[in-house]
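**Student:**
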């Protein structure tokens, strides 16, 4: 991508005013979805592409924090707190601005003596008491020791991911068959069974498998306020985009159909994006390499230090 393209994409994604106030997760999601709708209605799908790309790169993070990372630094590839980078032999470059996310604050709910005696398992229960601002930095904002390539991404080749995806599919009790008779469709989902058109290129077949698997997973979930064929197809295609791009395949651009699909309905768009994130994360967790699971998660993000000193 050219520098001009990157600049234009960034300007389309980062126009939401920043705030130092520690918002709730719901407020963060609502603000980001509102911004995304404004971008889509203006004919810009770059923000959506950045959000979907971030879903794959940071699938161990919460939905709200993925949106925050994508909005503030859409080109981020690997983020961690300042302490975590120091442990890896790297330092945050002086003057770099941190990416603000929300970290949960866990407190202890203490039971009265008489209540505790009745049920010892419920003594001193941890509870979520709120959120605080925490800051992470992208690898591009750091310098120091080189990092190992933990993700083992492929570039245009499916490699072992195909077999891992099929293993995951089988583990869900879904049958897989290859049938010429479904042409011109590339794949079909029947509820407990997927049919794939044989003879596809490896990358295309992988994307088709993810698309049909997404249908299988979403059809079983009780989560919809609105269910239409168009919404289901768009979500399945978005999940295929997230998973395919994350393992290094050329997934193209996110579908611009979102521009006309939601007609400014923030609740529907927020629900749909969260479903896409959750389903993509589940599939990626099942097919990623053991080394990739060692990546930094948001639970290790540190508080304080909005800017490098």
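Numbering (the UniProt record's numbering), first residue to last: 1 to 309. No residue lacks a Cβ here, since even glycine has one placed at the ideal position from N, Cα and C. Given the structure is predicted, the values throughout are model-derived calculations rather than measurements.
1. In angstroms, rounded to a whole number, what distance separates the CA positions of residue 153 and residue 191?
2. May I have the straight-line CA-CA distance separating residue 202 from residue 209, to the nearest angstrom?
3. Would you call the CB atoms of residue 99 and residue 79 closer than 8 Å?
4. Please list the terminal residues of the continuous beta strand (DSSP E) segment that includes residue 189.
5. My assumption, with CB atoms under 8 Å, is that residue 276 sits in contact with residue 238. Please give the rounded CB distance.
6. Taking the beta carbon of residue 28 as the centre, do at least 16 other beta carbons fall within 10 Å, making it buried, or is it exposed?
7. Evaluate residue 170 with the Cβ neighbour count: other Cβ atoms within 10 Å of its Cβ, from every protein chain shown; 16 or more gives buried, anything less gives exposed.
8. When you compare only the Cα positions, how much space is there between residue 44 and residue 162?
9. Please report the distance separating the alpha-carbon of residue 107 from that of residue 132.
10. Out of 101, 234 and 64, which has the shortest C-alpha to C-alpha gap to residue 81?
11. Beta carbon of residue 33, beta carbon of residue 270: below 8 Å?
12. Quick one: using the 10 Å Cβ neighbour count with 16 as the cut-off for buried, is residue 205 buried or exposed?
13. Would DSSP call residue 201 helix, strand or coil?
14. Consult DSSP for residue 275 and reduce its assignment to one of helix, strand or coil.
15. Just the Cα atoms here: how many angstroms apart are residue 134 and residue 86?
16. Select from 55, 147, 103 and 35 the residue whose C-alpha is nearest the C-alpha of residue 88.
17. Below 8 Å between beta carbons: does that hold for residue 246 and residue 56?
18. Considering just the uninterrupted stretch of the beta strand (DSSP E) at residue 195, what are its terminal residues?
19. Can you give me the C-alpha to C-alpha distance between residue 40 and residue 283, rounded to a whole angstrom?
20. Count the other C-beta atoms from every protein chain shown that fall within 10 angstroms of the C-beta of residue 129, then say buried if there are 16 or more, exposed otherwise.
21. By the three-class DSSP mapping on this structure, what secondary structure does residue 33 have?
22. By the 10 Å Cβ neighbour count, where 16 or more other Cβ atoms means buried, how is residue 72 classified, buried or exposed?
**Tutor:** On the basis of the coordinates in this document:
1. Caution is warranted here: a pLDDT of 40 is assigned to residue 153, below 50, making its placement in the model unreliable, and the coordinate value is therefore given only provisionally. In this model, residue 153 and residue 191 are separated by some 31 Å (Cα to Cα).
2. In this structure, the alpha-carbon of residue 202 lies about 10 Å from that of residue 209.
3. Yes, they are a contact pair.
4. Where residue 189 is concerned, the enclosing beta strand (DSSP E) stretches over 187 to 189.
5. With 8 Å as the limit, residue 276 and residue 238 qualify as a contact, their Cβ atoms being about 5 Å apart.
6. By the C-beta density criterion, residue 28 is buried, having at least 16 other C-beta atoms within 10 angstroms.
7. Exposed.
8. Pairing residue 44 with residue 162, the inter-Cα distance amounts to about 33 Å.
9. Whole-angstrom Cα-Cα distance: 13 Å.
10. Looking from the CA of residue 81, the closest CA among 101, 234 and 64 belongs to 101.
11. Result yes, Cβ atoms of residue 33 and residue 270 sit closer than 8 Å.
12. Buried, since its Cβ has 16 or more Cβ neighbours within 10 Å.
13. For residue 201, the secondary structure class from DSSP, reduced to helix, strand or coil, is coil.
14. In the structure shown, residue 275 sits in a helix (DSSP, three-state: H, G or I).
15. Going by the C-alpha atoms only, they are around 16 Å apart.
16. The residue with the shortest Cα to Cα distance from residue 88 is 147.
17. The answer is yes: Cβ separation under 8 Å.
18. In the DSSP assignment, residue 195 falls within the beta strand (DSSP E) that extends over 193 to 196.
19. The straight-line gap from Cα to Cα measures roughly 27 Å.
20. When all chains shown are included, residue 129 counts as exposed.
21. It is helical.
22. The residue is buried, with at least 16 neighbouring Cβ atoms inside 10 Å.
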